[in-house]
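Chemist: So for the sequence shown, the numbering used here puts the first residue at 65; every next one is plus one. One structure, as structure tokens, below. Some questions next.
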Amino acid sequence: MNVIAHDPYAPADRARAIGVELVSFDEAISTADFISLHMPLTPSTAKLFNDEAFAKVKKGVRIINVARGGVIDEDALVRALDNGTVAQVLSELAPYVILAEKLGRLAIQLVAGGSGIKGVKVVYTSARDPDDLDTRILRAMITKGIIEPISSVFINIVNADYTAKQRGLRISEERIYRDISLETPLGSIQVHLTNVESKFASALSDSGDITVEGRVKDGIPRLTLVGSFSVDVSLEGNVILCRNVDQPGNIGRVGRILGEQNVNISFMSVGRTAPRKQAIMAIGVDEEPDKETLKKIGEIPAIKEFMFLKL
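And the structure:
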């Protein structure tokens with residue numbers, strides 16, 4: 065993949081260091097098969113993509129707009145879509161781009177030792193035809209989420225795929241049809257890490273695999289599955305993830321410990337297979353608990369394992 069970029073403020077040596085060639089705006093939009101927009105909405109960027117700009121792009125270009133909507137002239141965009149100049153606009157994928165990276169970041173933190181990953185399988189559910197939705201940007205962001213926490217190399221959407229290949233990380237993708245609204249590009253994203261040792265042992269898998277799943281609800285990325293346990297967790301901030309025996313008092317005990325240390329709880333979700341059996345408890349916190357606080361949580365008899373996750 066050849067990556068070019070236009071950024072009037074980026075130093076050329078920094079761009080070269082991450083494998084990017086800096087070019088003029090006109091050269092960038094006339095050469096690219098995919099155009100990804102990352103910029104604030106200012107007087108100079110308002111309606112930057114207008115009829116004049118669309119006249120210069122390659123026919124069939126795909127636009128990924130993760131900037132403010134005002135950088136594209138919507139009337140000009142409609143004309144470009146109608147005449148086939150633009151094949152697809154991926155602004156609707158913006159929350160899924162965030163979800164993809166968060167799922168990758170979460171999955172790697174569940175791996176014992178944080179290394180040894182060789183195989184990743186990504187499963188998308190959607191009601192759309194595979195040709196109507198390009199998932200390459202999502203794959204890149206999952207890769208970024210997996211590699212960045214365990215790498216000293218700066219990882220971004222541009223060099224994620226290249227870095228994965230350099231590390232021998234194999235990523236496969238599968239699309240599963242689901243009868244959902246066509247207005248929603250994806251139903252869910254699942255990330256499977258294969259043949260790894262999980263920090264949560266049998267709570268996540270008996271087969272050496274780790275599975276996490278997420279969805280976008282009301283524009284917000286949410287975690288909906290950890291292993292075989294259904295949860296409903298906002299993928300923002302910090303999360304304490306506990307594997308515990310499902311019994312009365314667990315939530316109260318954890319809440320009291322956090323409250324005594326002035327750690328504020330933002331949300332809590334419990335997933336279980338059956339009453340009084342094994343369960344997963346996810347607790348969102350606004351502050352990072354100190355080691356002593358986490359130790360006290362781990363000393364609760366019903367809690368078998370726990371992790372503090374940074375998302």
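Just so it is clear, CB atoms sit at the ideal spot from N, CA and C, and this is done for glycine as well. Since the model is a prediction, treat every value here as computed from it, not as a measurement.
What residue does the alpha helix (DSSP H) around TYR73 start on, and which one ends it?
Modeler: It is not in any alpha helix (DSSP H) - TYR73 carries neither H nor E in the DSSP assignment.
Chemist: Please report the residue range of the alpha helix (DSSP H) in which PRO159 lies.
Modeler: From DSSP, the alpha helix (DSSP H) with PRO159 extends over 158-173.
Chemist: Just to confirm, is the Cβ distance from LEU167 to ILE128 under 8 Å?
Modeler: Not a contact, by the Cβ cut-off of 8 Å.
Chemist: Among the candidates ARG286, THR207, VAL297, whose CA atom is the shortest distance from the CA of GLY409?
Modeler: Shown here, the chain extends from 65 to 375; a query on residue 409 therefore has no answer.
Chemist: CB GLY278 to CB SER252, shorter than 8 Å?
Modeler: Closer than 8 Å, so yes.
Chemist: Verify whether the separation of the beta carbon atoms of VAL175 and ILE274 is less than 8 Å.
Modeler: Yes, Cβ-Cβ distance for VAL175 and ILE274 is below 8 Å.
Chemist: Quick check: the Cα distance between SER330 and GLY323, rounded to an integer number of angstroms?
Modeler: For SER330 and GLY323, the distance between alpha carbons rounds to 12 Å.
Chemist: Should ASP115 and ALA140 be called a contact, given that it needs their Cβ atoms to be closer than 8 Å?
Modeler: Yes, the pair counts as a contact, with Cβ atoms nearer than the cut-off.
Chemist: Who are the near neighbours of LEU86 in its chain, counting only those whose CB is closer than 8 Å to its CB and skipping five residues on each side?
Modeler: The residues are ILE68, ALA69, HIS70, ASP71, ALA74, ALA76, ALA79.
Chemist: Could you tell me the alpha carbon to alpha carbon distance between ARG320 and GLY291, rounded to whole angstroms?
Modeler: Straight-line Cα distance between these residues: approximately 27 Å.
Chemist: With DSSP run on the structure shown, which of helix, strand or coil describes ILE253?
Modeler: Residue state, collapsed to three classes: strand.
Chemist: By DSSP, does THR258 sit in helix, in strand, or in coil?
Modeler: DSSP places THR258 in strand when its eight states are reduced to three.
Chemist: Taking all protein chains shown into account, decide if GLY148 is buried (16 or more other Cβ within 10 angstroms of its Cβ) or exposed.
Modeler: So GLY148 counts as exposed.
Chemist: One question on the structure: do ASN308 and ALA366 come within less than 8 Å of each other, judged by their Cβ atoms?
Modeler: It is a contact, given that the beta carbons lie within the stated cut-off.
Chemist: Only counting the same chain, and skipping five residues up and downstream in sequence, which positions put a Cβ closer than 8 Å to that of LEU160?
Modeler: In the sequence under discussion, the amino acid at residue 160 is Tyr, which differs from the Leu named in the question. Closer than 8 Å at Cβ, skipping near neighbours: LEU202, PRO249, LEU250, ILE253, VAL280, PRO285.
Chemist: Could you check if ARG200 is buried or exposed, using at least 16 other CB atoms within 10 Å of its CB as the buried criterion?
Modeler: Classification for ARG200: exposed.
Chemist: What are the boundary residues of the alpha helix (DSSP H) that SER94 is part of?
Modeler: Here the alpha helix (DSSP H) through SER94 covers 89-95.
Chemist: With distances taken from CA atoms, which of ALA171, GLU156, GLU138, GLU91 is nearest LEU287?
Modeler: Ranking the options by Cα distance to LEU287, first place goes to ALA171.
Chemist: Taking 8 Å as the threshold (C-beta atoms), are VAL135 and LEU157 in contact?
Modeler: Not a contact, by the Cβ cut-off of 8 Å.
Chemist: What residue range does the alpha helix (DSSP H) around ASP350 cover?
Modeler: First-last for ASP350: undefined, no H or E at that position.
Chemist: Could you tell me how far apart the beta carbons of THR189 and ILE240 are, in whole angstroms, since I believe they sit closer than 8 Å?
Modeler: So it is a contact: roughly 5 Å between Cβ atoms.
Chemist: Can you tell me the Cα-Cα spacing of ASP350 and VAL255, whole angstroms?
Modeler: For ASP350 and VAL255, the distance between alpha carbons rounds to 26 Å.
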